[in-house]
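Just so we're aligned: the sequence shown equals residues 7 to 585 in my numbering. We put the beta carbon where it would ideally sit given N, CA and C, even for glycine.
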Amino acid sequence: MYAEIFPNHKLNSDEPLIYSIPAELIAQIKIGQLVEIPFRKNLIAGVISNFQKSANGVKTKPIARILSGKYFSKNNLAIAKYISQKYYTPLSKTIFSMLPDIPKNNIAFFDKIDKQLLPPKIKYYISDDLSRLNYYNKFYLDSTPTLFLFPTIDRAHYFKKYVNLNGEIISSKTKIQALYSAQKDFYENLNSKLIGTKNLLFFESHRKYRIIIDSYDHFSFESDQQPNIDIEDIASVISAQNNCEIILFSSAMTQRSQSFKSIYLSKSTCKTIVKPTLNQRQIDFLIEVYSNKPSQRTLIFNPVFNYGLLFCSDCNDFFKCKKCFSNLIYNQKAFTLECRKCQQIYAVDKCQKCSGRNYTEFGFGLEKNIENYYSQNKNFALASAKFVSPNIYSSNLVVGTQKIFDYFLKPFDKVIALNFDIILNSHEYDYDENAIQILANLKNLSKKELLVFSNYLDHEIFQIKSQNDLKKFFKNALINRKKFQLPPFAKIINIKAINFDPFKLKNETIKIHQELMKIEKNQQFIISSFSKPEFLSKNNIWQSEAQIKISPFGSKNIDEKLRKILYNLPSSWRMKVKI
């Protein structure tokens, strides 16, 4: 008897490895179990995906021991295969990225029931934070088993306190024994409720259950260990595979959610005013004015903490990424320009658009905004990735980055958004859905007025007054996406490497480029850019990157050849797929 096993290791293909089953383990072995297997002179974990009677001439090694009961269901494996195929991620890597950790010793687990494939059951709720809290509470009190997924630990902790839950929040930091205990409890109990982060997404129940995904537009699965999967995409797959209902909450409609009926729990009534970007002296004066208004609750928002923008005097525009035309972020400490959208890094020497060298620093980060006032003003709360003031809920003046969206804050009398150009893309090329969500979040946080400072006064995003306007905006955006062959009219794959050895990086770049050129001749995908290794003097490293656009009508043969190249990328290369 033999078992097909996916090891906890990145393989260069999606084919499982074959291992023999010792006679004493045959009666205990099941599909979906976690076992310990010999692999390249080491013992590692692996998941059993199937059985077969013969090894088909392949030399095999025996399974060392059983680590757990049934760990993965057929539904889990089917979802992993879907993610692997769509996001060009090795199946073995995908399987082990679905849960935060693996058991290190024997754990008595439970068997899961195979379910028939069901039609997707997804609902979209558009609301502000306070409205959705009331709905979460209703879902928490009813009898349906429910998983509450929050994009950050802070939001999960707030809801836990809101409903007075004594249990543990499930996250990537949860210890493995507690994780399995929670998973078993949710599967078996009729009225189980769990609160956590994205790690809850793949939990299942033996009866119909519900998944609540809070602020799904802020969820991210991007890391070296996990593929950059789309939470909406995977939610629809899970809903179809499992007997569950999924409800996604956000502040504004998304491109994908147009296909579904959205339920509106609240509607912002604040007035939005757009004015030209302020210089540093004007920002200092503005913060000083609102610091002396204790009777009015005010939020001052800045997208970044210690970054800024560079303005080119030759083409009269901000420095832009030559790949995606997004505004580049100026890192004053590293003396580099960074694109937040495609992760490209540039040297600060010339404008990428016109090659001009006459530029001025424009639009400063939050650190620069508050350095003169934070230490002097006690009624002043800061919210950034580096530090969050303990008085964030009680202060009448809150100054923060996107970190403020990690908390359920009560609406302010006035919200001011500085340097909004940092999160805006060129409206002639593409748009960033994140900017729409941020603007909607800021509107929901304001009772009376939202004041936005931007040099793009006529940008389409500021003309959106209703849901119909947003639908028209998405429709026009799709026309632009088709014109520039952006998703959904093509998959875009960005690959990038950073290395201290220029010769090694150059050889890797040449080899990858040659392999891609062999199959590009079929014209089913286009290598839109492939840069030679570039030296970043400030960081003393070398960088190389490429962008590939794939036709959705390409043949399976070409897709498999491309997959083989991407699976064999050197360890210093990173890949990001945009669907």
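Quick one: which unbroken beta strand (DSSP E) runs of 3-plus residues sit fully inside the stretch 389-461? Chain order, please.
403-406, 418-423 and 452-459
In the structure shown, what three-state DSSP assignment does V280 receive?
strand
Do V583 and I499 have their CB atoms nearer than 8 Å?
yes
Can you tell me which of the three DSSP states E2 falls into?
Nothing can be reported for residue 2, as the shown portion of the chain is limited to 7 through 585.
Buried or exposed (CB count within 10 angstroms, at least 16 for buried), Y222
buried
Unbroken stretches of the alpha helix (DSSP H), 4 residues or longer, contained in the stretch 483-526:
508-526
Hey, how far is the Cα of L315 from the Cα of L200?
42 Å
Between the C-alpha atoms of I11 and E42, what's the straight-line distance to the nearest angstrom?
10 Å
Tell me, please, which residues DSSP counts as bridged to T366.
Per the DSSP secondary-structure output, T366 pairs in a beta bridge with F317.
Can you name, in chain order, every residue of its own chain whose Cβ lies under 6 Å from the Cβ of L568, other than the five neighbours on each side?
none
Do H163 and I176 come within 8 Å of each other at the CB atom, strictly closer than that value?
no
How would you call F509, buried or exposed, if buried means at least 16 neighbouring beta carbons within 10 angstroms?
exposed
Would a C-beta distance cut-off of 8 Å place P93 and V243 closer than the cut-off?
Rather than Pro, the amino acid found at residue 93 in this sequence is Tyr. No, these two residues do not count as a Cβ contact at 8 Å.
Indicate whether A70 and N14 have their beta-carbon atoms separated by less than 8 Å.
Inclusion of A70 and N14 in the CB contact set at 8 Å is not warranted, their separation being larger than that value.
Between which residues of its own chain and Y142 is the CB-CB distance below 7 Å, once the five residues before and five after are set aside?
F154, F165 and I218
Y130 and S263 closer than 8 Å at C-beta:
yes
Range covered by the beta strand (DSSP E) that runs through N337
I335 to N337
Own chain, CB closer than 7 Å to T158, minus 5 neighbours either side, in chain order
D412
Quick check on N205: does DSSP put it in helix, strand or coil?
helix
I'd like to know whether the C-beta atoms of A61 and I35 end up nearer to each other than 8 Å.
no
Is F78 helix, strand or coil by DSSP?
coil
What would DSSP say about S242, mapped onto helix, strand or coil?
helix
How about F325: is its C-beta nearer than 8 Å to some C-beta of chain B?
Note that chain B does not occur in the displayed structure, where there is just one protein chain.
What is the DSSP secondary structure of L213, counted as helix, strand or coil?
Here residue 213 turns out to be Arg, not Leu, going by the sequence shown. In this structure, R213 counts as coil in the three-state DSSP scheme.
Residue closest to L23, alpha-carbon to alpha-carbon, out of P68, I429, E30 and I72:
P68
I501 and A552 closer than 8 Å at C-beta:
yes
Quickly, what does DSSP pair A61 with across the bridge? List them, please.
For A61, which the question treats as bridged, DSSP gives no partner whatsoever.
Assigned exposure category for T152 - 16 Cβ within 10 Å defines buried
buried
When you compare only the Cα positions, how much space is there between S256 and S198?
25 Å
Hey, is the stretch 460-469 in contact with the stretch 287-296, meaning 3+ C-beta pairs nearer than 8 Å?
By the C-beta criterion, the stretch 460-469 is judged not to be in contact with the stretch 287-296, since fewer than 3 inter-stretch pairs fall below 8 Å.
Check for me: the alpha helix (DSSP H) holding A33 runs from which residue to which?
In the DSSP assignment, A33 falls outside any alpha helix (DSSP H), carrying neither H nor E.
Where does V295 sit, in a helix, a strand or coil, going by DSSP?
The three-state reading of DSSP puts V295 in helix, counting H, G and I together.
Can you say whether P96 is buried or exposed, counting buried as having 16 or more other CB atoms within 10 angstroms of its CB?
buried
Integer-rounded CB distance, given that I504 should sit under 8 Å from I547
5 Å
At the level of alpha carbons, what is the spacing between S390 and E373?
9 Å
Contact check, I279 vs L457, beta carbons under 8 Å:
yes
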